[in-house]
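See structure below.
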């Protein structure tokens, strides 16, 4: 195989620096970029495979013996890969008559969820990322750093391994908890939200009772079609309202609008609940 030529501008830079050196003039020969001597490399011994703790928690969820909270907790210490792609600028002709890009920036890849929300895809292995986007560059980070990047990009979801056998969606409250390195409690398992829901329903005597359940939107499926009780994009919380008899559709609509207004006025409820599904019973 013929030797691959260096791009002209790189060859010129090396020649101008006096040979194979870095931009500070230090020679590359004999240098070791691994270990404690280079704090920028946190994953020197990383084999690029899925974190064992995450894989175990996900396997339990799929088998029906685990929970979403356990999967998110495993991500707190997991390494993931964020896909970065080159965004080319305008073309220009160099002094040597060669056409090249004026600039090339590296950018995070983001997605649009079916409901229109912005999502950041991350991958648990190099293989999974390469299967999804062969031209993307994998950047290894801890999952909490990926969550911080998602927040910075105004993303509402963190999508783990899109296109894989199973894709797990980390919804906004869990993503924020990861970014802050805090424990996440699902809204449907949060006793504090029960009190908030009862307080919001209390002013309306037509609401006889209110209960909170895990929402149907948390359900998902593997690529093979196996149902999984977790990992879906939402709604993750279902509020069941038992109403007094004799209400017509207009009454129910007005009641629901008033309840929603009182819930959205509660900052604790808004922060802990990603999306809500209302179910009316008589």
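In the numbering used here, the protein residues as written are 12 to 293. Where a beta carbon is used, it is the ideal one built from N, C-alpha and C, also for glycine. Keep in mind it's a predicted model, so treat the numbers as computed, not measured.
Identity of the residues DSSP links to residue i by a beta bridge
i	result
residue 71	Paired residue(s): none; residue 71 is not in a bridge.
residue 288	249
residue 134	92
residue 153	90
residue 182	The partner list for residue 182 (beta bridge, DSSP) is empty, contrary to what the question assumes.
residue 239	231
residue 221	252
residue 169	131 and 181
residue 148	95
residue 122	130
Among the options, the one whose alpha carbon lies nearest that of residue i
i	options	result
residue 89	151, 277, 256 and 191	151
residue 173	136, 192, 214 and 251	136
residue 162	189, 178, 179 and 78	189
residue 217	258, 166, 83 and 134	258
residue 158	141, 275, 142 and 134	134
residue 57	227, 153, 80 and 213	153
residue 62	289, 241, 84 and 270	84
residue 91	70, 124 and 54	54
residue 275	210, 74, 164 and 87	210
residue 123	82, 156, 170 and 219	170
residue 70	260, 233 and 186	233
Inter-residue CB distance, residue i and residue j (contact presumed, cutoff 8 Å)
i	j	result
residue 184	residue 94	So it is not a contact: roughly 24 Å between Cβ atoms.
residue 221	residue 208	5 Å
residue 246	residue 287	6 Å
residue 80	residue 196	7 Å
residue 77	residue 68	6 Å
residue 270	residue 215	7 Å
residue 283	residue 244	The pair is not a contact, with the Cβ atoms about 17 Å apart (cut-off 8 Å).
Sequence-distant residues of its chain with Cβ nearer than 8 Å to residue i (five each side left out)
i	result
residue 96	117, 118, 120, 144, 146, 147 and 148
residue 42	The predicted model places residue 42 with a pLDDT of 49, which falls under 50 and marks its position as unreliable, so this point remains unresolved.
residue 263	254 and 291
residue 164	119, 121, 129 and 131
residue 265	none
Cβ-based neighbour list, residue i, same chain, cut-off 6 Å, excluding 5 preceding and 5 following
i	result
residue 277	207
residue 34	Bear in mind that the predicted position of residue 34 carries a pLDDT of just 44, short of 50, making it too unreliable to give a figure here.
residue 241	72, 79 and 229
residue 231	239, 242 and 243
Sequence-distant residues of the same chain with beta carbon closer than 7 Å to residue i, five excluded per side
i	result
residue 128	167 and 168
residue 139	172 and 175
residue 293	254 and 256
residue 289	250, 252 and 267
residue 155	87, 189, 190 and 192
residue 219	253, 254 and 255
C-alpha distance - residue i paired with residue j, whole-angstrom precision
i	j	result
residue 180	residue 285	12 Å
residue 8	residue 212	Past the edges of the chain, shown from 12 to 293, lies residue 8, and the structure says nothing about it.
residue 132	residue 268	34 Å
residue 273	residue 193	27 Å
residue 60	residue 199	32 Å
residue 280	residue 248	11 Å
residue 236	residue 64	24 Å
residue 125	residue 178	14 Å
residue 223	residue 238	22 Å
residue 226	residue 160	27 Å
residue 74	residue 82	13 Å
residue 260	residue 187	37 Å
Residue-chain proximity (residue i, chain D), Cβ-Cβ < 8 Å
i	result
residue 205	Included in the structure is just one protein chain, with no chain D present.
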